[in-house]
Every structure is written in C-alpha cells, then in structure tokens.
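Worksheet: one structure, shown below.
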Amino acid sequence: MPSWQEFEPFIVSGLALGGVYALSGVGTVVLYQATGVVYLAFGAVGALGALIAWSLTNAGAPDWLAWLVCVLVSGAVTLAYGMVFGPPLARRDPLVKAVATLGLTLVLFGLMDLLWTTNGGQSRAITLPTDNGGFTIGQLQVTWTQVIGLGAGIAIVVVTTVFLRYTKLGTAMRAMANDREITATLGVPVRRVEAAAWLGCGVIAGVAGLLLANLVALDATTLTFLVISSLAAALIARLRSIVGTFLAAMAIGLIHDLLTPIQSLSSYRDMTPFVLAAVALLVFSRHRVISLSREEA
Amino acid sequence: MLDTASRTAAGGQRSPLRRPDRRTLAQLAVITGLLLFAFFATPQLFSLYYIDAMTQVAVYSVVALGLGVLVGRVGMVSLGQVAVLTIGAWVAARLLFATTQPYPLVLLEAGVITMVLGTLIGLPALRLRGLYLALITLMLAGALAVVLTTTNFPNGGHGFLGYDASTVHIAAIRRPAIAESDPAYYRYAVVVAALMFLLVLIHIRTRPGRAWAAIRQSEPAALAAGINTTLYKLWAFALASFITGVAGGVLAGAVHYLYSITFPTQESITLLAAVLMGGAYSMWGAIVAALLLQLLPALLNNWGVSADWLTILFGIGVLQVLTTAPRGLADQVPKDLSRLGRLLLGLRRRPAPSGSDPA
Amino acid sequence: MRMRQNARGARAAAALVAVIGTLIAAGCGSNGSSGTTSAGGTSNAGTVSTSQCGTKPGVKATGTPIPLGGIVTNQPGTSFTDIANMANAYFTCVNNNGGINGHPIKYYIQTEQTNPAQVAAVAKQLVQTDHVVGIVGNTSIIECSVNHSYWEKLGFFVVDSGIAPECYSTPNSAAVNMGPRYSSDGAVQYALSQHVSKIVFDQSNVPGTGYIAAGPAALAAAAHVPIVQLTENVPISDANSVAIKEVNDAGPNGAVILNFTPPEALVILQAAQKLGLEDNVKLWGCSTPCNTDFLAKALGPKWNNKLFVNAELTPPDSTNTPAMRLYKAILAKYGKAVSGGIGSFSQMGFAEAEIMVHALRSVKGAYTVASVNAALKAVSNFDTGMLCEGWTYGGFPMHIPNNVDYTVTPKDGKMVVAKGCTPVSSVDPQIAAYRKAAGTG
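Chains as they are written, first to last, in this note's numbering: chain U, 7 to 303; chain D, 272 to 630; chain R, -1 to 439.
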C-alpha cells in the first residue's frame, strides 16, 4: 500500500480531473432538467466549436474572436437541433430523445473527422493565456486554467440551479420538461422557452468544449466520447440533481486518480466511472416502481 | 388469461399450428431462395474481398438480431451488445486454443457461457426502465471494455487468460476442418446464422413471443394479465446473449486474430443506429442492419470514400428513423414500394394526370 | 394556423442556422498542420531536379503498368497515409521520368481501420482483383500479424514500416524502420549511457505491449538498472496522473522513456511541464515517433537537452546529401497528399519506394510476382540515404535490417542530433538473433 506522500499529488490531479468530468456531466443534466432530453451530443458540439476556434486562430484571427465564434457555433448547432428535432420527439420517451441526440453525435463526429483529418504525426491544441502561471500545492503546479475549469463547473451548477428554481423562465423550462402539453395549455410560450433552453445549453457546451480542449486534448474522438465517462456522474445523481452530478463527478475524478499509485488496480482505474455508476444505479433501484408507461419507444 | 392478453396485445398473430396461408408460403419461398443464393451463388460471384465482408455480415446479422429482439420485441434498449459479442469471442478463442473440441461444440459453449454471464448481468438491471436501462448497459459495456484492454484476447498463451504478452509470433485461431478456406467458412457462417435466426423465430412464434409483445405494449397491463414479466424479460436477455455469444465464436474463427481495439464502446452506438435504421421489429431488419454495418463500409473503402461519410449516414439515419419511420427501413421500404406501385397503377388507369392523385 | 406558421418559421430559421454553421465549419475546416512544417524545406530543395528519380528525364512512361499495393491504417486518431502517399509521390516521379524500362508503376493504396477481417480482406483485394506483383509501404498496427501467412503462402516479400511483432520476426517482411521495440531499445540505451539509476518505460496499450517491453527489460537487466513497466490506455484522457506516476516512479536520478504516438507523447510531456515536474527526473526519452519538428516546436525551450528522442532515420534538417535533396524536391513537387510534410513518415515512404524501384530495375524479363519478389529478396546493402547503414532484405527467417540509430534532442523548435549513428545493443535477444542470421553480428 503506497504511503500518504505518494497519494498526495494525486489528490490535486484528481480534483482537476473531477472538474473535467463535472464540466461535461453537468451540461448533459442541465438540458435534461430544462427540456427532458439527455444531451449526449454535448461533447461533440463542444469539440466542433473548439476545432473551429482552432482553425480561426490558425488562420490568424484574434483569440477572443475565435472563442466567441466557438461559443456561438455550439449554441447555434444545439439550437438548430432543438428546434428541428425537439417538437417531433417531444411526446416520446426520454430514451428515444436521448438516442436521437446520439444521432446528432454521430453526424458531428463524422463531420469533424472529415473536415479536420487526422494528420500522420501532428496534433492540434488550444492554448489559453491562463496556461502559464498558477500556484503551487505541495510539489505540484496548478495552472490558472485548471482553476478556471473547476470554477466554471461550479459556476454553471450554481447559476443553472438558481435560474431553474427561482426565475420565471427557469420554472417554465422545468414545467415543460415535465409535460409539454399541459405547459402549453397554461399559456407559456413553449417554442420560445424551448429555444432559450437549447441555446443556453449550447452556449455552455461551447464554453466547456474550449476548456476541455485545453485541459484534456483537442481531439474529436476524446472530446466526443468523454460524455460516456461523465455520464456516470449524471447517473449517480439519477439525472435529477445538478449539484449531485457535480459532487459525483468530483468523487469519480478523485477516486480515479487515487487508484493510480496502487499497482494492482492502476491499470483498471479507467473503469472507475462505469463501476461507480452501475453500482449506484443498482442500489437506487432496489425498490421497484411501476410507472405508467408513456407511448411506445 | 394469457390467451386474452396475447390476442389483444399481439394483434393478428396466429397459433403456429394452423396451416400456413399463401403469404407465409411466399415468405418461406423467398427466404429459401435467398438462403440458397447466399450459400451457393455468392461465393462464385464475388471476390474474396467481398466474401470476407459477407462473412462479417452473417456474424453481425445475428448480433443485430439479438439487439432487435431486445429493442423491437421487448422494448429494452441495450447499449452493450458489442461487449456481449466480445465475451463470446473471448470464450470461443480460449476454448479453441486450449482444447481440440469440435467447432460446433465450442460455438455452443461460447453461446451458453455468454448467456449465463449476460443473464447474471441482466438480472439486477431488469429493475431499471427505459433510459436508465440503456445507460446502465452502456456503463457496464464501458467497464468491460476497460477490462478487455488489460486482459486482452487469448492468443495461444497459458493460464486462465491465455494471453502471451511477449510472443513474437501470435498464433492464429483455428477454423473447423470442413471450413478452412474463406468461401467455405463463409458458408459455415451462413448456416450458423440461419440456425440462430430459426431459434429466434421459434421463440417469436410461441409463448415467449406473445409475452414479449404484451410487455412491450404495456408492462403494467402484462403484469396484471398474469405474465411473469421478470422471467420473460430475462429470457429475452438470455436469448440475445446466447445468439450473440455464438456469433462471437464465429467471428473468432473468421478473423483468426482478435484485438481489444477492434471493439471500442462507440461500436455499440453504431450498432444501435444500424438496428434502428434496418428496423428493430422485423427479422429482415437485422440483415439490413448487418449489411449497413459490414458490407457498406467494404464497398465505400473500395470506392475510396471515407468511412466518415458512413458515420454521418448512421447519424442521419437514426434521426430520420426516430422522427418519421419508427419501424425502420425494412418496414418502410416495402411500404414505400407498395405506395409507389399504387401510384404507378393509378397513373396507368388515368392517362391524363390529375392533381388529386392518391398517395 | 398561427402555431403552424410559427413552427414552420422556426424550423426554417433553425435550418438556416444549421446551413450557415456547416458552411463556417467547411470553410474553416482545415486538414493541414499547424503550419510548422511545409513541403519547401531548405533552400537547396529548389535547385535539385526531381528528374533524378528516373532514368529518362522528362519522358513519361507509357507501357503496361506494373501494379503494386500497400496497406495503411487510417482511422480517427491514427493515420499512416502519409507513408503510402509519399511512396506514391516517388512512383509518380519515376513514371514521369522514364518509368521502369518504360513501364509506369500503378500503386494501389488500401486503407483499413484496425479491423482484422478488413485487413485480411484488403490483402486479398490487392492480390486477386488488382493483381499486384509487389507489396510496399505497409504501415499498420496489425497487418503484419494478420497477413503474414498469406504473404508467405503467395511468395510476396513485403517492404514495410513495421509496428507489429510479425513485421520483424517473419521471413517475408522487412522494414525500413526499427519499430516500437527496437526504437525504444535505442532510447533506453541512450538513457543508460547517461548513467541513470532507474528506468520507467511507459507505452500505449495497443497490441504487442509485452513484446515491446521485453527489449527495454533486457537492456535494463544487463545494465543492472531497475526498470518499471507501465502502459496507458489511449487516447489519454488524464495526462496529469500519468505524468505524476511516471515521475514518482523514476525518482530524481531516473529516466522516463515514452513509447507513444506524437500527440499522446506531447500531451504527457506538456502535462509534466504544466505541473512543474519536468526537472524532477534526470532525463526524458522517447521512441522515434516523437522525432518531428512539430513536437520540438510545441514543447518549447524547457525540453532542450532534457528530452532525448530516438531517431530511426537520418535527420532531414542537418543532412545535405543528394538523396535528402531529392526527397525534399519530390515532396515539394509531387507530395501534396503528404499532410505531415518533412518528417519520419514521409522519409519512410521515400525509402521504401526507393528500395522497390531499385529492385524493379534489376528485374530482367516480365514483371511477375516471382520475378519482382526474387529481386526484392536479393536487395543487399542498398543505400537509401535515409538510414545509418545500407539496407538488406535477404533470405533470413527474420528481418531487422535497420538496427543502427541516432539520438536527437529539441533545440529552438527543431530536432538536432545529440548522438550519431549507434547500433542497437545485441543484449536484446531478437537483435542478437537477427545479426547472427544475417551474418553481421
């Protein structure tokens, strides 16, 4: 069993990894709270924005413009998807809506690999000005970008929770996610509220995409399928609590990195999110609930 | 009680003991014709490149069939069927290296062991519904994929895992003595696939099929009708796992060498997309799905078209199927064709086209 | 009615947004590099005429084509098409300057996505449908393993850029590169020569890790230096923990040797730098994939004389031989499809094409599978201009013809030579076996 000193640096890196999972996981749950759709294309949309930002920076555009375009494109793509595919699927099972976002993921993934081909030996990177400089904890340096990544996760959690609970628009979103028909009959401008929800989530995806491209890698495959791991955090929170997703993500990141120095488990540590999610789901479903099934999938 | 439920829920299904009518006979003729064509004519007509692709089609049609049973018949979406396939391939490879058992026995054992594992894993997951079930299968598949990257597939080594990490000469997984060459193995795969399809067909036409239809319609109503929903859902899992395990065994012999990187978790998503496009409800849909997954990429590769276009196609296909044609291409195309036929007939009867033609 | 109009309007707006988005993406989409390496290279490239690749300058070959084939991996995250495309560029040059005795070469490139069934199928496509008489340029994670029996049965002697163990351990495959095991040997050898007290060898978890690890293990054992063997699943999603683990295991007087593709190695090294850990070990090493100017530029000055990269091929920036000038000229004129520009990938493609053309020129009579492959087998001590020593195929049971390497280090955005041609140590049993079989031991 490794000593405490060997574990220490992994706590810091674990928290950083938790921040990464949180950024990705919270985004998927936020949209679920607002529209009833588990947005599995969250990673792909963010990756698309990040790649466009990279192309713009490469072509000589100023950084701030590239980031702005990234966020706008992510928002636009998400909004377009929500407007075109939201209404026809609105009455279907949440499963169907989630699988539909998988369709969007595949389209974006294929598009990204076509347009930004894999070069033989080169990789792309997004550098942020906060990469240089930071502070030291123990023997490790923590960059400002990692702090921002964690901070962004917290900010998203706080802002969206407050927004959804206390503002009129937020309440309308939650009502719509629950039952679109009844909310419409209550006089809520359903189309506009929906559009706001999708656009908001798309913007979050763009911001997260930029940060994740810097913190993890600017690689379409990695960023797109990072959702699968961060979905574990959302599942532990049963897709219901944004705060719960955040805390679960931090826990997953910590445990994942703390397993690194343990020789016998180290090569299995990538299993952490999946095992934790599976266990949590099975524990939570101990009491069987027969709910009135909606229309067929 | 079960009969009432089956009559109302299963619609126009008849007991298999009635004399088959003209439509069933026609279908049987088509199926027999296709099987004969696949068995005899295909190896003569196509180059080895496409024979290899068709062998993969045979394998994945069984996998798609398993997923189709789960999704189309019972209404359970599993995002982990590729992981089940790797279990079957792993077991078959281990047995083929460690023993000299005949191939059919190895396939059977692979199927049974995969069935047991699949059912064990499915048992606790059965309490989950819809979205949660799909996501937990994805999580379990992800966990298995990580385990596989560390344990790897057997390659002729010793020990339980049968993996020799430092060999300079990896051993090839053997094939049955009667099917050593590629065309012969293709025929072998077609026969095995046909048997698996027959097994599923028998299930669908008898009691499990009716119970599944009832559960898919409404689980509370099925429960109220006295159907043991847990048993039948587990049965579906077991059947899907069994045939996928057998397919894994056939895959092992087809490729000779197995690598964990060939089966990333994303593959399960593409598999689901293909099954949805082909049509989860019909057995023809499984074949269409397999053609999309294995023959189309081979064609595109030959024509120099990037595989990315296929990924995009699958994404669009999923969106289209879910929003417009829930029963998939296999159901939609005959409908579209018959509509086209009616349209043409209508045009012939009325030579001057009028603006109010039907369809 | 108004609701439907609103819906239609919203849908149209959304569609318009989607179209605009796609247009932006298409316009901004770039399959180019980050601009570091261009095909231009040094100033000497322009003065060399590419016609030197052929025997009849300026004369286009118009006879019956000689069909050749190549299989390369091309999937998201891993692409070796540059190697085949460079070989194709060389063949095009030859075709434009007399061909092979007036015959042009027709090169069929097959790409695969690491699917064993597909890899086997494309080999059959090349042989049975395209009727190729020679196989050159193969670069694939699994092709040698899957197809070597097929090539042996048909009598093809493949010239490839090896990755899998069978590329080096079977009679019908000879590589121009050293591959992950022997290149890692070279990197470890350099670290041992700097008297480190511990070695940490970390590699990507792709097929063959045990085979690759056996080389460094043997070297470390012979030098009585402890070695820690690690593997990482790629693509790496958490580089921080990887870097911390490596540094902790190596200790202040140890060395961390990496065997990854350039993007993954870069991610680990950058994580180490961001964490402030790069000076916590004595030195860092990397197998040959790291040998690109792109990496040198991306890493920055902190890694000068800190990172030592094994180089299987002659460094292009500091060599001015006729062969190197020809390579750069062909790359400039015919190598538009080579996205990585000057670097080890295109160098390998060039060398392999050279060897194939050299063999073809020695064929008398018809160009058949038998005659072409007999000529390939007979290639002996051929100077490609890209390697330390001459290249030999021969009739040996195994082939490691490139077993002498350089060590380079990043400096001012380029990779410069730190140590010249050094043979890989015979402590590695496979190297010893090859040298004995080839009679060079």
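Positions of the beta carbon are idealized from the N, C-alpha and C atoms, including for glycine. From a predicted model like this one, the values you see are computed outputs, not experimental measurements.
For G75 of chain R, the closest Cβ of chain U is nearer than 8 Å. Close CB contacts of S181 of chain R within its chain, under the 6 Å cut and outside five residues either way in sequence, are with S285, T286, N308 and E310 (chain order). Residue contact with chain U for L311 of chain R: absent (no Cβ-Cβ distance below 8 Å to any residue of chain U).
Per the Cβ contact rule, the segment 319 to 337 of chain R is not in contact with the segment 101 to 117 of chain R (fewer than 3 Cβ pairs under 8 Å). For N136 of chain R, the pairing in a beta bridge is given by DSSP as R:D158.
The DSSP assignment places complete alpha helix (DSSP H) segments of no fewer than 4 residues inside the segment 498 to 584 of chain D at 500 to 526, 537 to 549, 554 to 561 and 567 to 574, in order along the chain. Nearest neighbour of V46 of chain R by Cα position, chosen from R:L228, R:N318 and R:D128, turns out to be R:N318. Of the residues U:L78, U:G116 and U:L57, the one whose Cα lies closest to the Cα of Q73 of chain R is U:G116. For I532 of chain D, the residues of chain R that pass the 8 Å Cβ criterion are T112, I139, V204 and P205, in the order they occur in the chain. H262 of chain U sits buried, since 16 or more C-beta atoms from the chains shown fall within 10 Å of its C-beta. Across the structure, G61 of chain R and I225 of chain R are spaced so that their CA atoms are roughly 57 Å apart. Here G67 of chain R is bridged, per DSSP, to R:Y106 and R:I133. Per DSSP, the unbroken beta strand (DSSP E) holding Q201 of chain R starts and ends at K196 to S202. Around the beta carbon of R294 of chain D, fewer than 16 other beta carbons lie within 10 angstroms, which makes this residue exposed. Taking the beta carbon of V281 of chain U as reference, the chain D residues within 7 Å of it are A414, listed in sequence order. Scanning chain D for C-beta atoms nearer than 9 Å to the C-beta of G116 of chain U yields S577, A578, D579, W580, L581, T582, I583, L584, F585 and G586, reported in chain order.
Collapsing the DSSP output to three states places R344 of chain D in a helix.
The C-beta of A448 of chain D has fewer than 16 other C-beta atoms within 10 Å across all chains shown, which makes the residue exposed. Straight through space, the alpha carbons of I162 of chain U and C207 of chain U are spaced by roughly 10 Å. At a cut-off of 8 Å, the C-beta of V222 of chain U has a neighbouring C-beta in chain R. Partner residues in a beta bridge of T357 of chain D, as assigned by DSSP, do not exist. By the neighbour-count definition (other C-beta atoms within 10 Å, threshold 16), S360 of chain R is an exposed residue. For Y38 of chain U, no pairing in a beta bridge is given by DSSP.
Nearest CB-CB separation between A405 of chain D and chain U: below the 8 Å threshold. In terms of beta-carbon proximity, T357 of chain D stays away from the interface with chain U, with every pair separated by 8 Å or more.
Rounded to the nearest angstrom, the gap between the Cα atoms of F368 of chain D and A368 of chain R is 35 Å.
Under the Cβ distance rule, S129 of chain U counts among the residues neighbouring chain R, one pair being separated by less than 8 Å. Contact between A239 of chain U and I258 of chain U is confirmed by a C-beta separation of about 6 Å, below the 8 Å threshold. In the structure shown, M176 of chain R falls within a coil segment according to DSSP collapsed to helix, strand and coil. Listed in chain order, the non-local C-beta contacts of A254 of chain U below 6 Å within the same chain comprise A239, I242 and A243, local neighbours out to five positions each way being set aside. Against chain R, a Cβ distance below 8 Å from L319 of chain D picks out A119, K122, Q123 and Q126.
Taking 8 Å as the threshold, the shortest C-beta distance from P267 of chain U to chain R falls below it. For the 8 Å CB-CB criterion, G160 of chain R and K196 of chain R do not form a contact. If you look at D403 of chain R, you'll find it in the beta strand (DSSP E) that goes V402 to K409. Taken residue by residue, none of the segment 347 to 377 of chain R has a beta-carbon sitting less than 9 Å from a beta-carbon on chain D. Of the candidates U:T34, U:S129, U:L112 and U:T151, the residue whose Cα lies closest to the Cα of N138 of chain U is U:T151.
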